[in-house]
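So the sequence shown is numbered by the UniProt record's numbering: it starts at 1 and just counts up by one. C-beta atoms are modelled at their ideal positions from N, C-alpha and C, and glycine is treated no differently. As the structure is a computational prediction, the values presented were derived from the model and not from experiment. Working notes, beginning with the structure itself.
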Amino acid sequence: MEKSRPGVRLTALRVLRGTVVLAGLLAFGQPVLAGGFLQGHYPLLQAHEVAAMILAAVVLVSLVVALLAWRPGGAPGALARDQLITLVVVAVQMMLGFSRELIIHVPLGVGVLILVLKNAERVWKLPLRAPAAGATEPSEQASTAGVDA
1 MEKSRPGVRL TALRVLRGTV VLAGLLAFGQ PVLAGGFLQG HYPLLQAHEV
51 AAMILAAVVL VSLVVALLAW RPGGAPGALA RDQLITLVVV AVQMMLGFSR
101 ELIIHVPLGV GVLILVLKNA ERVWKLPLRA PAAGATEPSE QASTAGVDA
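Next comes the structure, spelled out in structure tokens:
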């Protein structure tokens with residue numbers, strides 16, 4: 001069995017925290033930009049498009065970092081899975097936006113925001129430190145925490 005490398009996990013989780021916060025800010029700004037366009041500020045449509053592309057790039061970076069935190073770092077694989085799902089949904093969202101399928105694009109945008117914020121919540125709840133030596137499950141650590149040797 002391959003041992004996890006705590007340094008990789010620590011660095012990757014710190015970078016992942018930064019990328020999910022940036023993704024959250026970008027996703028939160030998307031409805032503001034769309035609303036500004038609908039108010040008659042037409043250049044905001046292009047800003048909405050550019051922000052979507054940046055969001056996709058940030059989620060892609062988050063996926064790569066989550067994979068590094070998982071494989072060599074020993075973090076949960078669910079982080080990478082969640083980032084992959086988010087990347088696919090953002091890509092679909094962008095395709096719908098470019099084709100002006102707003103009846104699906106707008107509600108899916110709400111879903112993107114929820115996904116990104118849930119990812120951020122999961123990443124920030126994960127402790128930065130590596131699991132204790134010999135413990136494989138959090139329940140195993142909890143059951144042995146109060147036992148004196």
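- In the DSSP assignment, S62 falls within the unbroken alpha helix (DSSP H) covering P43 to W70.
- Of all alpha-carbon atoms in A52, G18 and D82, the one lying nearest the alpha-carbon of V32 is that of A52.
- Taking V8 as the centre and dropping the five residues before and after it, the same chain places the C-beta of P72 and G73 closer than 6 Å to its C-beta, in chain order.
- For L108, the secondary structure class from DSSP, reduced to helix, strand or coil, is helix.
- Shown here, Q93 sits in a helix according to DSSP, grouped into three states.
- From the listed residues Q83, L96 and I103, the smallest Cα separation to V61 is found for Q83.
- Restricting attention to H41, M94 and R81, the CA atom closest to the CA of L63 is found in R81.
- Here H48 really is in contact with Q30; their C-beta atoms are around 6 Å apart, less than 8 Å.
- Residues of the same chain with a CB within less than 7 Å of the CB of M94, apart from the 5 flanking positions on each side, are A52 and A56 in chain order.
- Comparing alpha-carbon positions, the option among A12, F98, L44 and L26 lying closest to I114 turns out to be L26.
- The C-alpha of N119 lies about 30 Å from the C-alpha of P43.
- For L13, same chain residues with a beta-carbon under 8 Å away, outside a window of 5 residues either side, are A69, G73, A75, V123, L126 and L128 in chain order.
- In the assembly as shown, L102 is an exposed residue. Its beta-carbon has fewer than 16 other beta-carbons within 10 Å.
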